[in-house]
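Its first residue numbered 5, the sequence shown is counted upward by one per residue in the working numbering.
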Amino acid sequence: MSFVCGISGEPTEDPVISPISGHIFDRRLISKFVAENGTDPISCSELSENQLISVKTDGTSSVPRNAATTSIPSLLKMLQDEWDTVMLNSFSLRQQLLIARQELSHSLYQHDAACRVIARLSKELTAAREALSTLKPHTTSKFENDDVSIDESEDQQGLSEAILIKLEEKSKSLTADRKQRGKSLPDGLAKQDELTGLKQTSLHTAIHSTGTPGLTSLDICDKLALTGGIDKTAVLYNWEKEQVVQTFKGHSKKINAVVLHPDSKTSITASADSHIRVWTVDESVSKVIIDVHQASVTDISLNATGDYILSASDDSFWAFSDIRYGKSLCKVAAEAGTHIAMHCIEFHPDGLIFGTGTADAVVKIWDLKNQTVAAAFPGHSAAVRSIAFSENGYYLATGSEDGEVKLWDLRKLKNLKTLTNEEKQPINSLSFDMTGTFLGIGGQKVQVLHVKSWNEVATLSDHSGPVTGVRFGENARSLVTCSLDKSLRVFSI
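Below is the structure:
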């Protein structure tokens, strides 16, 4: 009977048993292993050569020939020693490989668990930051009494003399610039026959959440478009590069209006959650929250100074706020003693007067300095949904829920033109180009009118849903639109 060595896997010449592991080894190999390591090869427990137990055999088994009996004993002895070394090394490597595999498996499980923890903590940190920005006391202001027309709460300081001077100086500067520009039209301004050939040049449909249609508001600056959606987010998008620059998340309800600041990396959004948020391009968390309204904020308009914003709300109030500090400076009711939802609001290009449209179909022109109504236009027969001032300062366009568009002369305070809509679909967006030559209309379709002749220059029916935003590009040579069909479209001549 022969025994196999636990180290070499070969028949043993002089078998011994380790009392520690119970395995059989060749005395020569186990002696060398114990001399080098002092442990049992199998269990790794302490083992001395004296503990080894010899195995008695009957001598009938065949054993390998001893190297000393060969004709070249020295060579065979050398080969035998090398074989012993290889076997010992191979055994050690097998054990180390097994240990390394176990450690690697453990490390991989640890790494996976760590990644999951980091992802969860990052998500919780983002949520905590948003909650903190919402709760910052210096960014909120509340009004306490719906029955008064102007809220005189502690945060609403009114229009100080310094603010009025700033507004008036800016107004004078803009008036002078506008008169200078009005002497001649830009050389590159699009002509009527060119706009007739407006064609869609790009289509972008994956900007907002695909599960929640669609886009509710739009503003542009250069090649950047800021869109608001029913998915409660606003997205700053470069349509030329087809790249999302930033996604702004923080509102708890759909976004109704957006403004892209022309002079700084700032975006402003208004939502049905009654909040106005001010964002920077570099951060997805709003830096300022204006909490002045008690109902859905339906529209916002940036003052020409770039520091103040007007807001209209379903709570029947309009408010004038400082976007740098998140403070409301004044808040005024559409009509004292009544509750009339305000649907739209926009500054006159000079910044000292503004227009509002309300649910009772009345268009009002307000004097910002006195917070009083300067003129009223009661010509609509349905709620006024959109409003836009011409850059020349003389005309005002308004759109109603029954699809009617009216052009008003601010000098004569009368209605000049009226465009009716056979489908009676709401007019969601109005926009003049920078010269006041053309008017863009967003309803069930997109229409472009030449203001002076009131001729329809172009009709675009590419959208499959109501159009909610219309903006002209430079020199009216392009038109950017958005819709509830979840698409942002660019048309060019």
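In this text, a Cβ means the ideal position worked out from N, Cα and C, and glycines have one as well.
Annotation for Val263: Asp223, Ile272, Ile304 and Leu306 place their beta carbon closer than 6 Å to its own, counting only its chain and skipping 5 residues before and after. Counting along the chain, the unbroken beta strand (DSSP E) around Leu423 starts and ends at Lys418 to Leu423. If you look at Ala39, you'll find it in the alpha helix (DSSP H) that goes Arg31 to Asn41. Nearest to Ala238 by alpha-carbon distance, out of Ile259, Val471, Cys225 and Ile167, is Ile259. Sequence-distant Cβ neighbours of Ile294 in its own chain, meaning closer than 6 Å and more than five residues away, are Ile280, Ser325 and Gly330.
Counting along the chain, Asp303 sits inside the beta strand (DSSP E) bounded by residues Val301 to Leu306. The three-state reading of DSSP puts Val90 in helix, counting H, G and I together. Its chain contains Gly233, Asp235 and Thr237 as the residues whose beta carbon lies nearer than 8 Å to that of Ser213, once the 5 sequence neighbours on both sides are disregarded; these appear in chain order. For Cys334, the closest C-alpha among the options Gln375, Leu488 and Leu101 is that of Gln375.
Out of Asp267, Ser206, Leu414 and Leu83, the CA that lies nearest to the CA of Lys245 is found in Ser206. In this structure, Ser404 keeps its C-beta atom at 8 Å or more from the C-beta atom of Ile445. Under DSSP, Gln250 takes part in a beta bridge, and its partners are Leu240.
Between Thr472 and Thr220, the CB-CB gap stays under 8 Å. Leu356 places its beta carbon less than 8 Å from that of Leu171. The shortest CA-to-CA distance from Lys416 to any of Tyr399, Lys410 and Phe442 is the one to Tyr399. Sequence-distant partners of Gln429 (beyond 5 residues in either direction) whose C-beta falls short of 8 Å from its own C-beta, in its chain, are Gly407, Gly447, Gln448 and Pro470. DSSP lists Tyr312 and Lys331 as the bridge partner or partners of Asp326.
In the structure shown, Arg281 falls within a strand segment according to DSSP collapsed to helix, strand and coil. In the structure shown, the three-state DSSP call for Pro77 is helix. When only Cα atoms are considered, Tyr312 and Arg328 end up about 8 Å apart. Judged by their CB atoms, Lys490 and Thr209 are nearer to each other than the 8 Å cut-off. Beta-bridge analysis with DSSP links Ile46 to no other residue. In the structure shown, Leu83 falls within a helical segment according to DSSP collapsed to helix, strand and coil.
Bounds of the alpha helix (DSSP H) holding Arg182 are Glu165 to Arg185. With contacts defined as CB atoms closer than 8 Å, Ala392 and Ala401 qualify as a contacting pair. Just measuring C-alpha positions, the residue of His343, Lys291 and Asp88 sitting nearest Asp30 is Asp88. Relative to Leu168, the option among Gly440, Leu372 and Glu478 whose CA is nearest is Leu372.
Beta-bridge partners assigned by DSSP to Asp371: Ile357 and Thr376.
Each residue's CA atom was taken as its position, placing Thr485 and Ile122 some 40 Å apart.
If you draw a straight line from the Cα of Val8 to the Cα of Cys119, it comes to about 48 Å. With contacts defined by Cβ atoms closer than 8 Å, Glu395 and Gly440 form a contacting pair. Shown here, Ser111 sits in a helix according to DSSP, grouped into three states. Cβ-Cβ distances below 8 Å link Leu92 to Ile11, Leu33, Lys36, Phe37 and Glu40 in the same chain, with the five nearest sequence neighbours on each side left out; the list follows chain order. In the DSSP annotation of this structure, the continuous segment of the beta strand (DSSP E) that includes Glu350 starts and ends at Met346 to Phe351. Excluding its 5 nearest sequence neighbours in each direction, Asp364 has C-beta neighbours in its own chain below 6 Å: Ile344, listed in chain order. Within the same chain, and ignoring the five residues on either side of Val292 in sequence, the residues whose Cβ sits closer than 8 Å to its Cβ are Thr143, Arg281, Val282, Ile327, Arg328, Tyr329 and Gly330.
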